[in-house]
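A.B. asks: Residue numbers (the numbering used here): 205 to 597. No residue lacks a Cβ here, since even glycine has one placed at the ideal position from N, Cα and C. Here it is, the structure, as C-alpha cells.
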C-alpha cells in the first residue's frame with residue numbers, strides 16, 4: 205500500500221526550509237511505497253534539470269489542489285490516509301496547507317524561547333514533534349511539553365557538498381566565507397566587527413559574503429548588537445546595497461565580495477574557494493544548514509558553541525567559539541534563553557590559528573567532511589520517515 209506524506213511548507217531553492225522540502229520530496233519519490241504530496245505552492249525549484257523534472261508532477265498536482273481550493277473556498281478537503289509533516293516555527297507558528305489530516309506531525313525549528321498560551325495550544329495539535337536540533341528538543345522538554353519529541357538533524361547533498369580542489373580565483377588571498385540570512389541572530393554584525401580588525405592585520409584577506417534577507421523587518425534588527433551602523437537599503441539590488449553598507453561600516457572596498465542570491469546547487473564551488481568559514485551565530489533553532497554544508501565541503505569552520513550549532517561544535521571537526529556572553533532580546537525575539545554572544549577576541553584568535561596553520565586546519569576540515577558523510581539527506585530522511593511511520597502505524 206502506498207502511503208501519502210504531505211509536506212507542509214514551501215519548496216524553494218533559496219531558503220533553508222525550501223531546500224529541506226526539496227530533498228525530502230526527492231527522497232520520498234525514490235521510495236516505492238511512499239508518495240509525497242505538496243501542500244503549499246512551491247517557490248523556486250532546483251536548477252538541476254533532472255530534479256526539476258522529477259518534482260514537476262508534484263507541482264502540477266499541487267496547483268490542481270490550489271485551484272480547487274480557490275474555486276470552492278468553503279470546501280476543506282480532509283485526507284484520512286495522509287500523514288502531514290507540518291512546518292512549525294517560533295511559538296509553534298503554523299500555516300495550514302491545502303489538505304488536512306488526523307495524522308499530524310510537527311517539524312519544528314525555533315529560536316525564540318518564549319512560548320505563550322496560544323503557542324502551547326497550537327502545540328497540542330501535533331502529538332509527534334520532530335526537532336531540528338538537540339537544543340530544540342531539550343528546551344521543549346524543559347518547558348514542559350509532553351508531546352513525543354525526537355531530534356532528526358537536517359541533511360546535506362553529498363553530490364554537491366564534498367571536498368574538491370578550489371579553482372583558485374582569489375590567488376594567494378586568505379578568504380573567509382560567511383553565509384546566512386542577514387539578521388541579528390545570524391551575527392553578521394559580529395563578523396563585520398571582527399573581520400575589520402583581522403583585515404587591518406592581514407590586508408590581503410577577503411570576506412566572501414553570501415548574505416540575503418527578503419524580510420526587511422528582521423534585517424532591521426541587525427543594529428541591536430550595537431556593532432554596525434544602520435541597515436542596507438532594501439530597495440534595489442541587494443548585493444550592491446550590502447556592499448555600500450559594508451563600506452559605510454568601515455570595510456575597504458577591495459576587502460570583501462558580496463555574492464548575489466545564489467541557488468543551492470552553486471554554493472559548494474563558492475565555499476571551496478574559501479580558506480575558512482565563520483559562523484558566530486547568536487541563535488539557531490536547527491544546526492545551521494549552511495554551516496553543515498561548509499563542513500561537508502571540508503572547510504575549516506569557526507562556529508559559535510551555542511543553541512543548535514552545539515550539535516557540530518566539536519573541536520575534532522571545527523573551531524568552536526566557547527566564550528559565549530549574554531544576548532539582548534529584541535522585539536522579534538523576546539526569548540533568547542541559550543543564545544550566545546561570541547567574543548571578538550576569540551574569533552580573531554581562531555582566524556589567526558587557521559591563517560598561521562593552514563595545513564593543520566585543512567586536516568580538521570577533512571575530519572568534518574568524513575563526519576558529515578553520516579548526515580546525507582538519504583540517511584536523515586530515513587530517520588525522519590522511520591520515526592513518523594512508526595508513530596502513526
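I'd like the span of the beta strand (DSSP E) that includes residue 524, first residue to last.
C.D. replies: Working through the chain shown from its first residue, we reach residue 524 at position 320. Taken as a continuous stretch (DSSP letters only), the beta strand (DSSP E) holding residue 524 covers 523-525.
A.B. asks: Is DSSP giving residue 507 helix, strand or coil here?
C.D. replies: Here the question's residue 507 lines up with position 303 in the chain shown. Strand, per DSSP.
A.B. asks: For residue 400, report the span of its alpha helix (DSSP H) as first-last.
C.D. replies: By 1-based counting over the chain shown, the position of residue 400 is 196. Element bounds for residue 400: 392-405.
A.B. asks: Whole angstroms are fine: how far does the CA of residue 288 sit from the CA of residue 234?
C.D. replies: Stepping through the chain shown from its first residue, residue 234 is reached at position 30. Stepping through the chain shown from its first residue, residue 288 is reached at position 84. C-alpha separation (whole angstroms): 19 Å.
A.B. asks: Which residue marks the beginning of the beta strand (DSSP E) containing residue 307, and which one marks its end?
C.D. replies: The count along the chain shown starts at 1 and reaches residue 307 at position 103. Element bounds for residue 307: 307-312.
A.B. asks: Give the list of continuous alpha helix (DSSP H) stretches no shorter than 4 residues that lie fully inside the segment 427-468.
C.D. replies: Segments of the alpha helix (DSSP H) lying fully in the segment 427-468: 442-452.
A.B. asks: Evaluate residue 339 with the Cβ neighbour count: other Cβ atoms within 10 Å of its Cβ, from every protein chain shown; 16 or more gives buried, anything less gives exposed.
C.D. replies: What you label residue 339 is simply residue 135 of the chain shown in a count that begins at 1. The residue in question, residue 339, is buried, as its Cβ has 16 or more Cβ neighbours within 10 Å.
A.B. asks: Starting from residue 481, follow its DSSP beta bridges and name the residues at the other end.
C.D. replies: For the purposes of this step, residue 481 is taken as the residue at position 277 of the chain shown. Paired residue(s): 381, 505.
A.B. asks: Is residue 314 closer than 8 Å to residue 294 when the C-beta atoms are compared?
C.D. replies: Position 90 of the chain shown, counted from the first residue, corresponds to residue 294. Position 110 of the chain shown, counted from the first residue, corresponds to residue 314. Yes. Within cutoff.
A.B. asks: Could you spell out the range, first to last residue, of the beta strand (DSSP E) harbouring residue 355?
C.D. replies: Numbered from its first residue, the chain shown carries residue 355 at position 151. Taken as a continuous stretch (DSSP letters only), the beta strand (DSSP E) holding residue 355 covers 352-355.
A.B. asks: Based on the DSSP secondary-structure assignment, which residues constitute the bridge partners of residue 335?
C.D. replies: Walking along the chain shown from the start, residue 335 turns up at place 131. Paired residue(s): 312, 355.
A.B. asks: If you draw a straight line from the C-alpha of residue 252 to the C-alpha of residue 347, how long is it?
C.D. replies: Residue 252 sits at position 48 when you count from the first residue of the chain shown. Residue 347 sits at position 143 when you count from the first residue of the chain shown. Between residue 252 and residue 347, the C-alpha separation is close to 42 Å.
A.B. asks: Might you give, ordered along the chain, the residues of its own chain that have their beta carbon closer than 7 Å to the beta carbon of residue 331, omitting 5 neighbours on each side?
C.D. replies: For the purposes of this step, residue 331 is taken as residue 127 along the chain shown, with counting starting at 1. Same-chain partners within the cutoff: 351, 352.
A.B. asks: Check whether the segment 535-548 touches the segment 462-477, taking contact to mean three or more Cβ pairs, one atom from each stretch, closer than 8 Å.
C.D. replies: no
A.B. asks: Excluding the 5 residues flanking residue 242 on each side, which residues of the same chain have their C-beta closer than 6 Å to its C-beta?
C.D. replies: Taking the chain shown and counting its residues from 1, one reaches residue 242 at position 38. The residues are 211, 262, 266.
A.B. asks: Report yes if the CB atom of residue 308 is closer than 8 Å to the CB atom of residue 290, and no otherwise.
C.D. replies: On the chain shown, residue 308 is found 104 positions in, with the first residue counted as 1. On the chain shown, residue 290 is found 86 positions in, with the first residue counted as 1. For the 8 Å CB-CB criterion, residue 308 and residue 290 form a contact.
A.B. asks: Output the distance between the C-alpha atoms of residue 569 and residue 482, rounded to the nearest integer angstrom.
C.D. replies: Mapped onto the chain shown, residue 569 falls at position 365. Mapped onto the chain shown, residue 482 falls at position 278. Taking the straight line joining both Cα atoms gives about 13 Å.
A.B. asks: Taking 8 Å as the threshold, find out whether the segment 521-528 comes into contact with the segment 545-558 through three or more Cβ pairs.
C.D. replies: yes
A.B. asks: Cβ of residue 445 within 8 Å of Cβ of residue 359?
C.D. replies: To locate residue 445, count along the chain shown from 1; it is residue 241. To locate residue 359, count along the chain shown from 1; it is residue 155. With contacts defined by Cβ atoms closer than 8 Å, residue 445 and residue 359 do not form a contacting pair.
A.B. asks: Can you check DSSP and say which residues form a bridge with residue 243?
C.D. replies: Indexing the chain shown from 1 puts residue 243 at position 39. DSSP, once it has assigned bridges, lists no residue as partnering residue 243.
A.B. asks: Looking only at its own chain, which residues have a Cβ that is under 8 Å from the Cβ of residue 237, when we skip the five neighbours before and after it?
C.D. replies: Indexing the chain shown from 1 puts residue 237 at position 33. Closer than 8 Å at Cβ, skipping near neighbours: 205, 206, 207.
A.B. asks: Can you list the beta strand (DSSP E) stretches of 3 or more residues lying completely in the segment 254-307, in chain order?
C.D. replies: 286-292
A.B. asks: Are residue 504 and residue 480 closer than 8 Å when you measure CB to CB?
C.D. replies: Taking the first residue of the chain shown as 1, we reach residue 504 at position 300. Taking the first residue of the chain shown as 1, we reach residue 480 at position 276. Their beta carbons are under 8 Å apart, which means residue 504 touches residue 480 by this criterion.
A.B. asks: What separation, rounded to the nearest whole angstrom, lies between the Cα atoms of residue 334 and residue 567?
C.D. replies: If you number the chain shown from 1, residue 334 lands on position 130. If you number the chain shown from 1, residue 567 lands on position 363. Near 33 Å, if we compare the C-alpha coordinates of residue 567 and residue 334.
A.B. asks: Tell me where the beta strand (DSSP E) around residue 209 begins and ends.
C.D. replies: In the chain shown, the residue the question calls residue 209 occupies position 5. Start and end: 207-212.
A.B. asks: Which residues in the same chain have their Cβ closer than 8 Å to the Cβ of residue 373, if we skip the five residues on either side of it in sequence?
C.D. replies: If you number the chain shown from 1, residue 373 lands on position 169. Cβ within range, chain order: 477.
A.B. asks: From which residue to which residue does the alpha helix (DSSP H) around residue 421 run?
C.D. replies: Mapped onto the chain shown, residue 421 falls at position 217. That run of the alpha helix (DSSP H) goes 420-423.
A.B. asks: Measure the CB-CB distance between residue 324 and residue 391 and report whether it falls below 8 Å.
C.D. replies: Within the chain shown, numbered from 1, the residue matching residue 324 stands at position 120. Within the chain shown, numbered from 1, the residue matching residue 391 stands at position 187. Cβ distance not < 8 Å, so residue 324 and residue 391 don't count as in contact.
A.B. asks: Which residues in the same chain have their Cβ closer than 7 Å to the Cβ of residue 398, if we skip the five residues on either side of it in sequence?
C.D. replies: As a position in the chain shown, residue 398 is number 194, starting the count at 1. The residues are 548, 551, 552.
A.B. asks: Which of helix, strand or coil does DSSP assign to residue 221?
C.D. replies: To locate residue 221, count along the chain shown from 1; it is residue 17. Correct three-state label for residue 221: helix.
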